[in-house]
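Accompanying notes for the structure given below.
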Amino acid sequence: MSEHLAANEAESVATSEAGSAGFSVDAFLARPLTARIATVGPTVRPVWFLWEEGAFWTLTGPWSRLQRHVLADPRVALVVDECDLTSGLVRQVIARGRAELLPFDVPRGRRKLSRYLGPDEGRWDARFIRYLHEDPERSGARWLRLRPERLTAQDLSFQAEPGPEVEGSPA
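615 is the number of the first residue of the sequence shown in our numbering; add one for each residue after it.
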């Protein structure tokens with residue numbers, strides 16, 4: 615079963631078709647998973663994101679077609695999912711709405727990068743660190759914020775049968 619959630623229902627719980635205990639959307643979105651964002655075009659690209667204040671935040675700028683597409687038509691869809699065929703864990707959150715382009719702020723940028731790269735900035739690649747030290751006006755770095763008009767969470771997990779490992783599945 616899927617659960618359609620209003621954007622202000624951040625701490626929502628989805629249940630699976632099997633009726634098992636659901637999952638916390640906020641806890642799921644707090645994990646450093648990769649999302650895919652689609653614009654009218656169609657263009658789909660993987661993105662790192664933050665889930666804060668009931669919104670998805672991802673970095674964009676003049677180097678990316680994403681910014682140009684959103685300026686032309688702000689309608690976007692975004693999916694965050696996980697699929698482990700070995701364990702049978704299959705969950706997804708799908709968001710739809712109108713994206714906004716907002717000024718880049720360093721504290722949020724640091725939170726986003728720490729989420730994916732870990733807390734030790736000394737271990738980060740220089741191309742990520744520069745977002746924290748360059749003038750965002752000069753680089754053109756912007757936040758794309760998606761406050762979902764519609765948020766759907768689904769737990770499609772299944773009972774996995776023991777057997778040979780499936781290629782590409784986590785061990």
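We put the beta carbon where it would ideally sit given N, CA and C, even for glycine.
- prompt: In terms of residue numbering, what span does the alpha helix (DSSP H) encompassing G723 cover?
  reply: The residue you call residue 723 lines up with position 109 of the sequence shown. Run containing G723: 720-731, per the alpha helix (DSSP H) assignment.
What do you get for F718, buried or exposed, if any count of 16 or more other CB atoms within 10 angstroms of its CB means buried? On the sequence shown, position 104 is the one that residue 718 refers to. The residue in question, F718, is buried, as its Cβ has 16 or more Cβ neighbours within 10 Å.
For R759 and A641, which I take to be in contact (beta-carbon distance under 8 Å), what is that distance rounded to the nearest angstrom? Taking the first residue of the sequence shown as 1, we reach residue 759 at position 145. Taking the first residue of the sequence shown as 1, we reach residue 641 at position 27. With 8 Å as the limit, R759 and A641 do not qualify as a contact, their Cβ atoms being about 21 Å apart.
*asked:* Considering just the uninterrupted stretch of the beta strand (DSSP E) at A767, what are its terminal residues?
replied: Position 153 of the sequence shown holds residue 767. For A767, the enclosing beta strand (DSSP E) covers residues 764-769.
Practice task
Note down the Cα distance separating R789 from L731, rounded to an integer number of angstroms.
Solution key: As displayed, the chain neither begins before 615 nor continues past 785, which places residue 789 out of reach and without an answer.
Are there three or more Cβ pairs, one per stretch, closer than 8 Å when the segment 746-758 is compared with the segment 711-729? Verdict: yes, contact present.
**Item:** Cβ pair E763, G711 closer than 7 Å
**Value:** Taking the first residue of the sequence shown as position 1, residue 763 is located at position 149. Taking the first residue of the sequence shown as position 1, residue 711 is located at position 97. Going by beta carbons, E763 and G711 fall inside the 7 Å limit.
(Q) Output needed for I743: all residues of its chain with C-beta closer than 7 Å, excluding positions within five of it in sequence on either side, in chain order. (A) Along the sequence shown, one-based indexing puts residue 743 at 129. The residues are E735.
> Exposed or buried, what is R725 when buried is set at 16 or more other beta-carbons lying within 10 Å of its beta-carbon?
Replying inline: In the sequence shown, residue 725 corresponds to position 111, counting from 1. Counting Cβ neighbours within 10 Å, R725 comes out exposed, since fewer than 16 surround it.
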